[in-house]
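**Student:** Heads up: the sequence shown begins at 1 in UniProt numbering, then just goes up one per residue.
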Amino acid sequence: MSEATTESGLPMKAVYGPDDLQDFDPATMLGEPGSYPFTRGVYPSMYTGRPWTMRQYAGFGTAAESNARYRELVANGTGGLSVAFDLPTQMGYDSDHQLAAGEVGKVGVAIDSVDDMAVLFDGLPLDEVSTSMTINAPAASLLLMYQLVAEANGIPASRLTGTIQNDVLKEYIARGTYIYPPAQSLRLISNIFAYCHAEIPRWNTISISGYHMAEAGATPVQEIAFTLANAKAYVQAAVDAGLQVDDFAPRLSFFFVARTTLLEEVAKFRAARRIWARIMKEEFGAQNPKSMMLRFHTQTAGVQLTAQQPEVNLVRVAVQGLAAVLGGTQSLHTNSFDEAIALPTAKAARLALRTQQVLAYETDVTRTVDPFAGSYVVESLTDEVEEAAMELIRAVDDRGGAVHAIEQGFQKSEIERSAYETALQIDSGERVVVGQNRYRIEDEERYEPLRVDPAIEVAQAERLARLRAERDGDAVDRALDGVRAAARGTDNVLYPMLDALRARATGGEVADALREVWGQYTPRETF
Numbered sequence: 001m002s003e004a005t006t007e008s009g010l011p012m013k014a015v016y017g018p019d020d021l022q023d024f025d026p027a028t029m030l031g032e033p034g035s036y037p038f039t040r041g042v043y044p045s046m047y048t049g050r051p052w053t054m055r056q057y058a059g060f061g062t063a064a065e066s067n068a069r070y071r072e073l074v075a076n077g078t079g080g081l082s083v084a085f086d087l088p089t090q091m092g093y094d095s096d097h098q099l100a101a102g103e104v105g106k107v108g109v110a111i112d113s114v115d116d117m118a119v120l121f122d123g124l125p126l127d128e129v130s131t132s133m134t135i136n137a138p139a140a141s142l143l144l145m146y147q148l149v150a151e152a153n154g155i156p157a158s159r160l161t162g163t164i165q166n167d168v169l170k171e172y173i174a175r176g177t178y179i180y181p182p183a184q185s186l187r188l189i190s191n192i193f194a195y196c197h198a199e200i201p202r203w204n205t206i207s208i209s210g211y212h213m214a215e216a217g218a219t220p221v222q223e224i225a226f227t228l229a230n231a232k233a234y235v236q237a238a239v240d241a242g243l244q245v246d247d248f249a250p251r252l253s254f255f256f257v258a259r260t261t262l263l264e265e266v267a268k269f270r271a272a273r274r275i276w277a278r279i280m281k282e283e284f285g286a287q288n289p290k291s292m293m294l295r296f297h298t299q300t301a302g303v304q305l306t307a308q309q310p311e312v313n314l315v316r317v318a319v320q321g322l323a324a325v326l327g328g329t330q331s332l333h334t335n336s337f338d339e340a341i342a343l344p345t346a347k348a349a350r351l352a353l354r355t356q357q358v359l360a361y362e363t364d365v366t367r368t369v370d371p372f373a374g375s376y377v378v379e380s381l382t383d384e385v386e387e388a389a390m391e392l393i394r395a396v397d398d399r400g401g402a403v404h405a406i407e408q409g410f411q412k413s414e415i416e417r418s419a420y421e422t423a424l425q426i427d428s429g430e431r432v433v434v435g436q437n438r439y440r441i442e443d444e445e446r447y448e449p450l451r452v453d454p455a456i457e458v459a460q461a462e463r464l465a466r467l468r469a470e471r472d473g474d475a476v477d478r479a480l481d482g483v484r485a486a487a488r489g490t491d492n493v494l495y496p497m498l499d500a501l502r503a504r505a506t507g508g509e510v511a512d513a514l515r516e517v518w519g520q521y522t523p524r525e526t527f
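(1) Buried or exposed: residue 5, going by 16 or more other Cβ atoms within 10 Å of its Cβ?
(2) Relative to the C-alpha of residue 327, which candidate in 40, 504, 145 has its C-alpha closest?
(3) In whole angstroms, what is the alpha-carbon distance linking residue 231 and residue 409?
(4) Of all the options 365, 378, 299, 403, which has the alpha carbon lying nearest to the alpha carbon of residue 353?
(5) Helix, strand or coil for residue 495, going by three-state DSSP, please let me know.
(6) Please say whether residue 252 and residue 208 have beta carbons closer to each other than 8 Å?
(7) Pop quiz: residue 262 and residue 323 are said to be a contact at Cβ under 8 Å. What is the actual Cβ separation, rounded to whole angstroms?
(8) If we require 4 or more residues per run, which alpha helix (DSSP H) segments fall completely within the region 363-416?
(9) Please state whether DSSP places residue 527 in a helix, a strand or coil.
(10) Residue 12 bridges to which residues according to DSSP?
(11) Grouping DSSP H, G and I as helix and E and B as strand, with all else coil, what is residue 129?
(12) For residue 45, does the count of other Cβ atoms within 10 angstroms reach 16, so buried, or fall short, so exposed?
(13) Going by the CB atoms, is the gap between residue 86 and residue 376 shorter than 8 Å?
(14) In the DSSP assignment, what are the bridge partners of residue 206?
(15) Helix, strand or coil for residue 146 per DSSP?
(16) Using a threshold of 8 Å, state whether the C-beta atoms of residue 109 and residue 120 are closer than that.
(17) Can you grab the Cα-Cα spacing for the pair residue 526 / residue 175, in whole Å?
(18) List the whole-angstrom C-beta distance separating residue 7 from residue 264, where the pair is believed to meet the contact cut-off of C-beta under 8 Å.
(19) Roughly how many angstroms lie between the CA atoms of residue 325 and residue 333, to the nearest whole one?
(20) Provide the residue span of the alpha helix (DSSP H) that contains residue 53, from first to last.
(21) So, at 6 Å on beta carbons, what are the nonlocal neighbours of residue 1 in its own chain, with the 5 sequence-adjacent residues on each side left out?
(22) Enumerate in chain order the residues of its own chain whose CB-to-CB distance from residue 235 is below 7 Å, with the five nearest sequence positions on each side excluded.
(23) Do you know how far the Cα of residue 387 is from the Cα of residue 220?
(24) Could you give the DSSP three-state label for residue 61: helix, strand or coil?
(25) Any idea what DSSP makes of residue 320, helix, strand or coil?
(26) Could you check whether residue 182 and residue 403 sit closer than 8 Å to each other, using their CB atoms as the reference points?
(27) Between residue 379 and the rest of its own chain, which residues show a CB-CB distance below 7 Å, the 5 nearest in sequence each way excluded?
(28) How about residue 162 and residue 190: are their beta carbons less than 8 Å apart?
(29) Should the region 514-525 be called in touch with the region 484-491, which here means at least 3 C-beta pairs below 8 Å?
(30) Check whether chain C comes within 8 Å of residue 386, counting only Cβ atoms and requiring the distance to be less than that.
(31) Whole angstroms are fine: how far does the CA of residue 458 sit from the CA of residue 426?
(32) Candidates 222, 192, 477, 27: which alpha carbon is nearest residue 588's?
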């Protein structure tokens, strides 16, 4: 029989058997669920105790519109919220900035101030709902706004649970929503670690993301290798800043994609857990088992959704969600079937959530931990993915670590090469995409997507004008001076940032104060 290959280019046999596991030692490579090296899952009972957190990603237009969507998701059974911010917010610009023109509210919600954040979460029980925020360079400001809103509602920061993505290194590799140079970005992230340890102890301070690299074209092996290499850089930066590894590492979390290639995805998640456990124990000397746990959120693969015959995406998402569950994810977002066309409609978002609920309550995959343990194919693939990922991590280390490798363009060029190969395979028909390059229909039913009203930009500018007119301008200026002073020195910048936001400085003004001191990153031209 001829051999096929996985998404990562690893050989995949037609038949696996005992000989494929002749070097497999269950005691050292598997262990028990909830025990080092966590191959079988980070918790002993996994979903047999309770299902994963169903965390649906949403955010568009104004804070009020997004709030209505959140209320609907919570009413339909969502256990965790995940906020999408628009590009100006992600880049640290207010909605009335000239660079924000045409982008306000388009790919997420526009949040300019603590006033917007209050509207976004109005009526939601912040001490009961876990909130994830997909925000990176300005992550500190958005987290502090969230804290201020909670405190205004009588909820102390110590009771807040959730995650900020806060993963800037992958922005230099795959997405581009960076602001400050890498060294200053790492300082800010270390400040967030220290601040949350002291003030918001139940908060996950970073969600180190392979998802966006995968969306840019990374293979499963590249996804986990470059993600864990970035994670090593964050841990080292925090240790270099004087933090003890077991003080912050238990609050680290990760974010991966789930593709339709179910077997390799399951192997990828299991391999990632094992690699991270060994890195933390052997390289960083972690003593707390929680420091060695790779806890992760998963989102189904947006890049695999098609605008053609979009209803087929319901099937893709179900398979991808199953891969994440079989791989042991801690939380899951299932994409809406219409996302390849525009923002999801309310019905599509509800169907995405129902997909998770069917997996959790109508299948039997939640009745046993790590169903594929001992599988000839999955254990073999797990070993092969681990070996290939470790080879790439060593390649990053040989270039001086993640930051230096980024500056040399290593990760970006590797991902671009993989993306190009995939595009060629789809164009040639070697890789089948149902409805796109095979099984097409000529006269498709027209689908009417949800669109964002361009008047939102004007409304946000008016809100900002009122905010600036009503607040104490002198108090804002003094608070922003405090941010600049901390940025020039060595103090934790989050405390003066909190003061500035409490005085109703905008997110853009806080970002600008840091830009004035730290500068703005300019990438190298080409590689």
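Note that CB positions come from ideal geometry on N, CA and C, so glycine has one too. Note that this is a predicted model, so its numbers are computed, not measured.
**Tutor:** Considering the structure as presented:
(1) Exposed: under 16 other Cβ atoms inside 10 Å.
(2) 40
(3) 18 Å
(4) The candidate whose alpha carbon is nearest that of residue 353 is 299.
(5) helix
(6) Contact flag set, yes.
(7) 4 Å
(8) 376-398, 402-407
(9) Bear in mind that the predicted position of residue 527 carries a pLDDT of just 41, short of 50, making it unreliable; the figure below should be weighed with that in mind. Three-state result, residue 527: coil.
(10) 4
(11) Coil.
(12) exposed
(13) Contact: no.
(14) Answer is 252, bridged to residue 206.
(15) helix
(16) yes
(17) Only weak support is given to the placement of residue 526: the predicted model assigns it a pLDDT of 44, under 50, and the value that follows is read from those uncertain coordinates. Cα-Cα distance, rounded: 15 Å.
(18) Confirmed, Cβ separation roughly 6 Å.
(19) Looking at the two C-alpha atoms, the distance is approximately 11 Å.
(20) Premise fails: residue 53 lies in the beta strand (DSSP E), 53-58, not in any alpha helix (DSSP H).
(21) Confidence at residue 1 is low in this model, with a pLDDT of 41, below 50, so the placement of that residue should be treated as unreliable; the coordinate-derived value is given next. Excluding residues up to 5 positions away in sequence, 14 lie with their Cβ nearer than 6 Å to the Cβ of residue 1 in the same chain.
(22) Residues 245, 249, 284 of the same chain have their beta carbon placed closer than 7 Å to that of residue 235, with the five preceding and five following residues left out of the count.
(23) So the alpha carbons of these two residues sit roughly 13 Å apart.
(24) strand
(25) Looking at residue 320 - three-state DSSP - the assignment turns out to be helix.
(26) yes
(27) 21, 24
(28) No. Outside cutoff.
(29) yes
(30) Looking for chain C here will not work: only one protein chain is present.
(31) 42 Å
(32) Coverage of the chain is limited to positions 1 through 527, which leaves residue 588 absent and any answer about it impossible.
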